[in-house]
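Residue 80 in the numbering used here sits at position 88 of the sequence shown; the count goes up by one each step and never skips. Think of the CB as a built atom: it goes at the ideal place given N, C-alpha and C, for glycine as much as any other residue.
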Amino acid sequence: MTGIYIHVPFCARKCPYCDFYSAAYQKDTVQGYVQAVVRNIESLADKEIKADSIYFGGGTPSLLSVPQTEAILNAAQRAFELSEPEITLEVNPCTADRKKLEGYRKAGVNRLSVGVQSSDRKELETLGRLHDFSRAEMTVRDAVSVGFDNISCDIMAGIPGQSLESLEQTADALTELPIEHISAYLLRIEQGTGFDCEKIRNSVPEEEIVSEMYLRMAEKFEKAGFEQYEISNFAKNGFESGHNMKYWTGEQYIGIGPSAYSFFGGKRYHCPRDIQDFIRKDTQAIVVDEESPDRLEEYIMLGLRLKRGISLERLEQLGAQTEAVAQRAGLYTKAGLCSFDGEKICLTPRGWLVSNSIIAELEQLASGR
């Protein structure tokens, strides 16, 4: 099955830590964008695509009106063979009241991802968020009241001025909400963003403290019934993100919208970061990133993000030097960075903290370089 990703590149205000492509909300531009999305979906109708997930990401997808969202979903219904699709919409608490949430639900959205980030007022102000925690809590409870039973919330660690105590308070506050999924991210200062300055770099918690924050979050969420199934994601049983799992298991997905990425037909490609170009063209421009992605490298890189990890059997099928990989996995296991039973290699939470270096080393050993 294929996943469909819709990038909604509009924000009421740009968050200073975010490097995702976005533009200021303008009514005429948004309507032109929606029409372009519908055209692009319709252009795929002859490909006989079977899809089981649609994900509205951003930007701020909840800036779309209910009729605009419905128009996109109706186009998807006509163009694709949809099989009980998981339809997710990212929500900023300041842009969706109860009536709007009810409209999304009636339009077919059945999963929400709410951008909470923190329960601390000062931390939210630092992040440039327009809501406070009471507004985020109201959004979640309103969503439940209109029929949503699959809700995710985001939390961020490593915020300037954040402490272990304030992070734990946010974690506790999230687990008390009627939600089924939590995405937990470590703040990264991206080049060219508002946070890319000495003042912010000097005010973020030290690396050792951020590592402890990550481990504390994982422990708290697990105790509250949210199993960590991926490096940044926790879910109650049966509520893992079906769409995002496609990214980590190498399944196909098609991205529509400026800056949206795709993996389809064996190629990886993206649409340029230009909203006006996207609106102008009959179908979006495509930039091919990889004609033939390295399947071995991707299996290791993506598979080790998941709790279930990677298998030696699959590595061997992909032509890997499994003996060298197994030997190194044994050393990682002794260091508490992974578990290895002779068949599967799975990173531990401590291993996920240094996953980039582990993945790079295992890729090198697997390919015999």
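With respect to the C-alpha of Leu169, the residue from Ser126, Ala149, Ile201 and Ser155 having the closest C-alpha is Ser126.
Rounded to the nearest angstrom, the Cβ distance from Val22 to Phe2 is 6 Å, consistent with a contact under 8 Å. Boundaries for Glu40: no alpha helix (DSSP H) harbours it, and the DSSP string shows neither H nor E there. If you ignore the 5 residues before and after Glu335, its C-beta comes within less than 8 Å of the C-beta of Ser303, Leu304 and Glu305, all in its own chain and listed in chain order.
His123: not part of any alpha helix (DSSP H); DSSP gives it neither H nor E. Counting C-beta pairs with one atom in each stretch, the segment 28 to 39 and the segment 85 to 102 have fewer than three that are closer than 8 Å, which means they do not touch. Contact between Tyr(-3) and Ile201 does not hold, since their C-beta atoms are separated by about 34 Å, which reaches or exceeds 8 Å.
Judged by DSSP secondary structure, Ser359 falls within the alpha helix (DSSP H) whose first and last residues are Ser347 to Ser359. In this structure, Ala135 lies away from Leu179, with their beta-carbon atoms at least 8 Å apart.
Relative to the Cα of Gly343, the nearest Cα in the group Gln276, Gln356 and Ala327 belongs to Ala327. Annotated three-state conformation of Cys7 is coil, per DSSP. Counting along the chain, the unbroken alpha helix (DSSP H) around Ile292 starts and ends at Arg287 to Gly295.
Here the alpha carbon of Tyr206 sits roughly 7 Å from the alpha carbon of Ala149. DSSP places Tyr253 within a strand segment (E or B) once states are collapsed to three. With three or more CB-CB distances shorter than 8 Å, the segment 233 to 241 counts as touching the segment 76 to 84. By the criterion of a C-beta distance shorter than 7 Å, Thr185 is surrounded in its chain by Pro8, Tyr9, Cys10 and Asp11, once the five residues flanking it on both sides are discounted. Note: Tyr177 is bridge-paired with Met148 in the DSSP secondary-structure output.
Beta-bridge partners of Gly50 (DSSP): Val0. Each residue's CA atom was taken as its position, placing Asn194 and Asn102 some 41 Å apart. Here Val138 has Arg90, Leu93, Glu94 and Arg97 as same chain residues with Cβ atoms under 7 Å from its own Cβ, once five neighbours each way along the sequence are excluded. The beta-bridge partner set that DSSP reports for Ser57 is empty. CA-CA distance, Arg70 to Ala37, rounds to 8 Å. Within the DSSP bridge table, the entry for Lys336 names Ser303 as partners. Under DSSP, Phe226 forms a beta bridge with Ile174 and Gln220. In this structure, Lys259 sits near Glu282, with a CB-CB distance shorter than 8 Å. In this structure, the beta-carbon distance from Ile147 to Thr131 does not fall below 8 Å.
Close CB contacts of Thr167 within its chain, under the 6 Å cut and outside five residues either way in sequence, are with Ala216 (chain order).
In this chain, the beta strand (DSSP E) harbouring Tyr261 covers Lys259 to His262.
Gly234 sits in a helix when the DSSP states are folded into three classes.
Taking 8 Å as the upper bound for CB-CB distance, Glu40 and Ala99 are not in contact here, some 25 Å apart.
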